[in-house]
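Visitor:
There are 2 protein chains.
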Amino acid sequence: MNGAESLVRTLISGGVGACFTNPGTSEMHIVAALDRVPEMRCVLGLFEGVVTGAADGYARMAGKPACTLLHLGPGLANGLANLHNAYRAQVPIINVVGQHAIFHLRHDAPLTSDIEAIARPYSKWLRTTKSASDVGRDAAEAVLAAGTVPGKIATLIIPADASWSEGGVTADVPTHPVASVPSFETIERASVMLRSGLRTALLLAGSALYGKGLMTAGRIADATGAKLLAPYPFTRLERGAGMPRVERIPYIFEQAVEQLREFRQLILVGARAPVSYFAHPERGSTPTPEECELYALASEEENCAGALEALATSLSLRRGQPSLEEAERPAAPHGEITPLALATAVASVLPENAIVVDESMTSGRGLMEATKGAPPHDWLANTGGSIGIAMPLAVGAAVACPDRRVLCLSADGSGMYTAQALWTMAREGLNITTVIFANHAYGVLKREFSGLGIGKPGPRAAALFDLGHPNLDWVSIGKGMGVPSARASSVDEFTKTLREGFESEGPTLVEVGV
Amino acid sequence: MNGAESLVRTLISGGVGACFTNPGTSEMHIVAALDRVPEMRCVLGLFEGVVTGAADGYARMAGKPACTLLHLGPGLANGLANLHNAYRAQVPIINVVGQHAIFHLRHDAPLTSDIEAIARPYSKWLRTTKSASDVGRDAAEAVLAAGTVPGKIATLIIPADASWSEGGVTADVPTHPVASVPSFETIERASVMLRSGLRTALLLAGSALYGKGLMTAGRIADATGAKLLAPYPFTRLERGAGMPRVERIPYIFEQAVEQLREFRQLILVGARAPVSYFAHPERGSTPTPEECELYALASEEENCAGALEALATSLSLRRGQPSLEEAERPAAPHGEITPLALATAVASVLPENAIVVDESMTSGRGLMEATKGAPPHDWLANTGGSIGIAMPLAVGAAVACPDRRVLCLSADGSGMYTAQALWTMAREGLNITTVIFANHAYGVLKREFSGLGIGKPGPRAAALFDLGHPNLDWVSIGKGMGVPSARASSVDEFTKTLREGFESEGPTLVEVGV
């Protein structure tokens with residue numbers, strides 16, 4: 003067995019069953035090994051930002067890592083921005099990056115670069131394999147590192163001669179250590195805070211935002227009157243009818259200040275203290291009121307769901323259902339195209355058990371409110387603020403959950419970053435309905451500029467925020483990549499096209515002007 | 003004056019007149035400063051790979067740096083792959099990268115990252131500005147560093163508070179040091195080699211491949227019988243009728259071995275020793291015969307054109323024209339679509355003084371032979387092997403040379419990396435004719451796989467080399483970004499569409515199946 007085959011067999015034995023990739027010459031022996039190990043699902047992306055974003059989406063929904071297979075330093079570099087988002091999402095990803103054969107490196111061939119340096123900013127585990135016999139062991143360690151709570155990006159660099167040489171050994175992946183529950187004292191302190199009568203919120207992240215963790219949080223909120231909050235950049239939130247209600251902290255700083263104003267205690271469950279995305283010359287960076295105590299119930303490294311369970315026990319809560327969001331599906335809207343009408347349209351047709359990927363930016367800020375009583379669904383957000391995540395994330399989520407419908411909400415500006423993902427949707431026949439909110443602008447920048455108190459943008463600044471001249475034609479772009487695409491020029495048409503998308507096999511796209 | 007304005011004014015005073023950008027919130031004060039300093043030409047790219055590739059193309063043709071303006075670590079990360087190519091091209095680029103305000107960094111907001119670490123692999127000069135009063139001085143040093151031979155990537159990271167605070171000072175950019183000519187002994191030794199009667203080639207790079215440097219090389223070749231060679235990954239080559247003939251070393255290793263077999267002396271003029279792009283399990287990395295002496299006449303840091311001039315003097319060559327490529331424009335071809343027919347078609351209509359950007363990959367290997375007698379033109383190649391450079395490079399070249407026609411030759415696979423450049427071509431009305439050679443495959447990978455001696459690719463490997471299922475429709479993609487686009491289904495149609503493209507105002511695209 004050569005090193006390449008030991009890599010693939012070790013990954014499979016460690017439960018890594020999907021490989022998102024754009025390989026090159028230095029990875030050819032790994033590609034050949036993928037041919038010999040049919041258990042690995044291979045998905046081609048035409049740009050590495052698609053590849054890494056898809057690995058993120060897969061991990062969010064599968065609850066385990068996929069691997070990427072990337073071509074040398076530049077292939078990894080192209081994937082970095084979505085690795086930034088994945089790093090912030092704390093999802094597990096194993097990057098396998100090809101390197102030149104070691105004897106070739108001294109010649110400094112054109113594609114040579116310092117791959118470790120490129121990987122380091124976003125890799126919490128990083129290694130260059132030394133030889134074929136090490137590949138299996140290194141891959142096993144990468145799987146272990148990636149999957150240890152909180153999820154990490156592990157990058158394994160494999161020189162071509164380590165891939166092609168004989169001597170590969172499949173390695174066993176050790177069992178992941180169980181994330182610990184906070185100490186008794188830590189739990190008790192939160193319990194006291196919740197019984198203090200002070201206005202309190204729980205800021206949830208990680209495993210506190212879905213499944214059992216979220217249900218426990220709901221019971222705690224019910225019993226204590228605490229509010230459940232999620233950070234604006236959350237990884238995965240289960241919501242809709244039959245789920246506890248969680249309020250998201252708004253992106254807009256002034257709105258976050260307003261939302262948090264009432265609280266005197268903020269209990270962090272795997273979450274960080276709220277912070278504004280950007281600094282501003284004339285205000286602070288944190289929206290939480292000064293008189294509010296921040297208290298960390300569970301850190302990122304700890305078991306958030308377990309911490310909530312222990313807290314429920316400490317509060318002597320009975321088992322049972324918390325109060326849950328009621329089913330409230332709005333009727334299909336009519337009339338003018340407005341953000342509210344579009345949000346209502348989405349809520350009126352969202353399929354049960356859908357996965358919503360949301361990078362609708364300024365155009366979609368009413369969507370969560372409108373869909374709060376829609377059939378239960380998962381919501382995936384942009385976690386790191388680097389735009390161009392939605393379509394790749396949707397690809398990964400759809401590969402992880404072939405039986406569920408994916409709704410991908412993208413702004414036009416962010417969509418242009420990684421639109422190549424549309425081709426992968428078509429190639430793989432993924433059930434993804436992509437909505438492009440076309441405001442022909444970087445709307446967020448127009449807003450931010452006007453908030454700086456430096457007057458209106460002049461013509462040159464305005465041109466840098468403008469995506470018109472010419473307008474992007476997403477129907478053409480979508481069709482160009484093999485995705486049936488349409489433009490909705492009325493709310494009724496939008497609703498109808500969405501519904502047809504949800505009922506059809508394979509991907510569709512609808513562009514709507516806002 | 004705030005720091006941002008001192009940045010822009012210093013860049014302008016240092017001769018930096020073009021800014022390729024995709025800014026974000028942390029760069030808003032720099033955008034506002036661009037509004038106040040109309041001398042800077044601002045060009046928006048919808049993805050940062052377009053931005054950095056365009057800065058590369060601009061530098062190759064303008065002979066001086068442009069700046070980029072990028073949004074935080076992820077914006078820079080998206081531009082890295084084309085910075086890899088620019089690094090290898092040894093062109094000057096000044097990256098201006100926004101950073102959070104310093105007081106905001108400790109909160110680790112979602113878009114926070116280690117920007118210096120992301121910049122380091124490809125930045126030969128790197129600094130984070132400390133305060134508004136330092137911005138001008140730092141910008142001046144960046145301009146100096148970037149433009150010192152050989153061209154370098156200089157990255158200046160500017161915290162938002164350094165941009166928005168008052169106290170900015172415009173700085174003078176010192177004169178760039180003149181690149182030195184090699185020592186008398188070094189020149190004499192080359193002179194002796196050229197008179198030895200041994201079969202000799204000059205491998206040219208940098209300023210030896212165009213203008214006066216190339217003409218001098220031609221005179222030396224004439225007088226001594228030496229052959230002129232260019233590396234496969236060259237930055238800029240002036241060629242066509244009326245220029246000395248330079249042979250490019252082929253990408254395919256066996257062909258390079260064959261080409262170099264006859265030589266016993268290889269004189270490097272700013273070039274590195276030839277090396278194969280990739281290692282192979284059963285062969286060496288260098289195509290030059292063992293018995294061939296490699297001799298460095300001029301290093302990358304030295305004045306290549308000056309070295310050739312000194313060598314000509316040492317050889318006592320008379321002034322005058324070397325023998326030059328004869329004008330030989332083929333007639334428009336007819337019949338079947340073949341690579342040769344397409345190359346002939348290009349040669350039959352290539353406008354005088356065109357700039358050809360070539361990333362045609364496997365589909366375009368006959369193009370240079372076919373166009374050797376076409377009207378004089380510049381040829382720009384992919385220097386670092388990271389695909390996705392052609393359209394961005396074309397944007398930059400067209401901005402640098404508004405009076406020249408740009409022919410952008412792209413494969414379909416590489417084109418998908420940075421197709422967003424098409425929109426910038428439309429927005430700026432650039433005279434670029436883009437050809438997409440659509441073989442619906444990563445042709446180079448199919449070839450490389452079959453050369454490894456590991457049999458034929460199985461279905462899973464074959465799928466990773468296949469860009470069909472579905473085919474990309476470049477006519478739709480081009481139209482979607484506002485570029486008039488057509489598909490040529492015959493050679494005659496291809497020739498006609500190309501000619502119309504060259505005669506029209508603004509960009510066009512033609513897809514041709516190969």
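Same order as they appear, the protein sequences are chains A and B. So that you can map any letter, position 327 of the first sequence is 329 in the working numbering, and since no number is skipped, the others follow by simple counting. So that you can map any letter, position 208 of the second sequence is 210 in the working numbering, and since no number is skipped, the others follow by simple counting. For every residue, glycine included, the Cβ atom is placed at its ideal position computed from N, Cα and C. None of the values given here were measured: they were computed from a predicted structure.
What does a CB cutoff of less than 7 Å around residue 383 (chain B) pick up in its chain, not counting 5 residues either side in sequence?
Guide: For residue 383 (chain B), where only same-chain residues beyond five positions count, the Cβ hits under 7 Å are 235, 236 and 360.
Visitor: Nearest to residue 386 (chain B) by CA position, among A:112, A:88 and A:84, is which residue?
Guide: Of the candidates A:112, A:88 and A:84, the one whose C-alpha sits nearest the C-alpha of residue 386 (chain B) is A:112.
Visitor: Assign residue 513 (chain B) to one of two classes, buried (16 or more other C-beta atoms within 10 Å of its C-beta) or exposed (fewer than that).
Guide: Looking at its Cβ environment, which holds 16 or more other Cβ atoms inside 10 Å, residue 513 (chain B) is buried.
Visitor: Tell me whether the beta-carbon of residue 30 (chain A) lies closer than 7 Å to the beta-carbon of residue 451 (chain B).
Guide: Yes, Cβ-Cβ distance for residue 30 (chain A) and residue 451 (chain B) is below 7 Å.
Visitor: Just to confirm before moving on: does the CB-CB distance between residue 307 (chain A) and residue 346 (chain A) stay below 7 Å?
Guide: No, these two residues do not count as a Cβ contact at 7 Å.
Visitor: Out of curiosity, what's the CA-to-CA distance linking residue 9 (chain B) and residue 500 (chain B)?
Guide: Spanning the two alpha carbons is a distance of roughly 42 Å.
Visitor: Going by other Cβ atoms of all chains shown within 10 Å of its Cβ, with 16 needed for buried, is residue 471 (chain A) buried or exposed?
Guide: Exposed.
Visitor: Taking only beta-carbon positions, decide if residue 132 (chain A) is within less than 7 Å of chain B.
Guide: With 7 Å as the cut-off, residue 132 (chain A) does not count as an interface residue toward chain B.
Visitor: Could you say if the stretch 470 to 485 of chain B and the stretch 327 to 338 of chain B meet the contact criterion of at least three C-beta pairs nearer than 8 Å?
Guide: As far as the Cβ criterion goes, the stretch 470 to 485 of chain B does not touch the stretch 327 to 338 of chain B, which means the pair count is below three.
Visitor: Can you give me, in chain order, the residues of the stretch 222 to 233 of chain B that have a beta carbon less than 7 Å from any beta carbon in chain A?
Guide: Within the stretch 222 to 233 of chain B, no residue qualifies.
Visitor: Given residue 192 (chain A), which residues of its chain have a CB within under 7 Å of its CB, disregarding the five upstream and five downstream residues?
Guide: The answer, listed in chain order, is 269, 297, 299 and 313.
Visitor: Answer yes or no: do residue 434 (chain B) and residue 488 (chain B) have a C-beta to C-beta separation smaller than 7 Å?
Guide: Going by C-beta atoms, residue 434 (chain B) is not nearer than 7 Å to residue 488 (chain B).
Visitor: Please name the residues in the stretch 79 to 108 of chain B whose beta-carbon is closer than 7 Å to at least one beta-carbon of chain A, in chain order.
Guide: Flagged, chain order: 79, 80, 82, 83, 86, 90, 102, 103, 105 and 106.
Visitor: Classify residue 422 (chain B) as buried or exposed, calling it buried when 16 or more other Cβ atoms lie within 10 Å of its own Cβ.
Guide: Label assigned to residue 422 (chain B): buried.
Visitor: Using 7 Å as the threshold, is the C-beta distance between residue 393 (chain A) and residue 420 (chain A) below it?
Guide: In contact: residue 393 (chain A) and residue 420 (chain A) (Cβ atoms closer than 7 Å).
Visitor: Which chain A residues sit within Cβ distance under 8 Å of residue 163 (chain B)?
Guide: Chain A residues near residue 163 (chain B): 281 and 283.
Visitor: Leaving out five residues before and five after residue 436 (chain A) in sequence, what residues of the same chain have Cβ atoms less than 6 Å from its Cβ?
Guide: Hits under 6 Å: 410 and 511.
Visitor: With C-beta atoms as the reference, is residue 381 (chain B) less than 7 Å away from residue 438 (chain B)?
Guide: In this structure, residue 438 (chain B) does not lie closer than 7 Å to residue 381 (chain B) by Cβ.
Visitor: Hey, is residue 44 (chain A)'s beta-carbon within less than 7 Å of any beta-carbon in chain B?
Guide: Answer yes: the Cβ-Cβ gap between residue 44 (chain A) and chain B drops below 7 Å somewhere.
Visitor: Residue ranges of each alpha helix (DSSP H) run of no fewer than 4 residues wholly in the stretch 371 to 417 of chain A, ordered along the chain?
Guide: Within the stretch 371 to 417 of chain A, the complete alpha helix (DSSP H) runs of at least 4 residues are 392 to 402 and 414 to 417.
Visitor: Report the residue ranges of all alpha helix (DSSP H) runs contained in full by the stretch 302 to 340 of chain B; include only those spanning at least 4 residues, in chain order.
Guide: You should have 306 to 316.
Visitor: Counting only beta-carbon separations shorter than 7 Å, does residue 186 (chain B) have a partner in chain A?
Guide: No, because no Cβ of chain A sits closer than 7 Å to the Cβ of residue 186 (chain B).
Visitor: For chain A, find out if any of its Cβ atoms is closer than 7 Å to the Cβ of residue 30 (chain B); answer yes or no.
Guide: It does; some Cβ of chain A falls within 7 Å.
Visitor: Rounded to the nearest angstrom, how far is the Cβ of residue 194 (chain B) from that of residue 304 (chain B), given a contact under 8 Å?
Guide: Actually they do not touch by this definition, with Cβ atoms about 19 Å apart.
Visitor: What number of angstroms, rounded off, separates the C-alpha of residue 342 (chain A) from the C-alpha of residue 233 (chain A)?
Guide: When rounded, the distance between both Cα atoms is 23 Å.
Visitor: For a contact meaning CB atoms closer than 9 Å, what does residue 1 (chain B) contact in chain A?
Guide: Past the boundaries of the shown model lies residue 1 (chain B); chain B is included only from 3 to 516, so the question cannot be answered.
Visitor: Quick one: using the 10 Å Cβ neighbour count with 16 as the cut-off for buried, is residue 125 (chain A) buried or exposed?
Guide: Buried.
Visitor: Any residues in the stretch 438 to 460 of chain A with a beta carbon nearer than 7 Å to a beta carbon of chain B? Which ones, in chain order?
Guide: Hits within the stretch, in order: 447, 450, 451, 454, 456, 459 and 460.
Visitor: Below 7 Å between beta carbons is the criterion; list the residues of the stretch 121 to 150 of chain B that meet it against any residue of chain A, in chain order.
Guide: Cβ contacts with chain A come from 122 and 123.
Visitor: Pull the bridge partners of residue 231 (chain B) from the DSSP assignment, please.
Guide: BP columns for residue 231 (chain B) point to B:205 and B:249.
Visitor: Show which residues of chain A have a CB atom less than 7 Å away from the CB atom of residue 481 (chain B).
Guide: Within chain A, the residues near residue 481 (chain B) are 475 and 478.
Visitor: Taking DSSP as the reference, what is the three-state secondary structure of residue 130 (chain A)?
Guide: Strand, per DSSP.
Visitor: So which residues of chain B does residue 115 (chain A) contact, with C-beta pairs closer than 7 Å?
Guide: Here the neighbours are 86 and 123.
Visitor: Just mark residue 405 (chain A) as buried or exposed, buried being the case when its beta carbon has 16 or more other beta carbons within 10 Å.
Guide: So residue 405 (chain A) ends up on the exposed side.
Visitor: Is the distance from the Cβ of residue 116 (chain A) to the Cβ of residue 93 (chain A) below 7 Å?
Guide: Contact: no.
Visitor: Measuring CB to CB, does residue 302 (chain A) end up less than 7 Å from residue 272 (chain A)?
Guide: Yes, Cβ-Cβ distance for residue 302 (chain A) and residue 272 (chain A) is below 7 Å.
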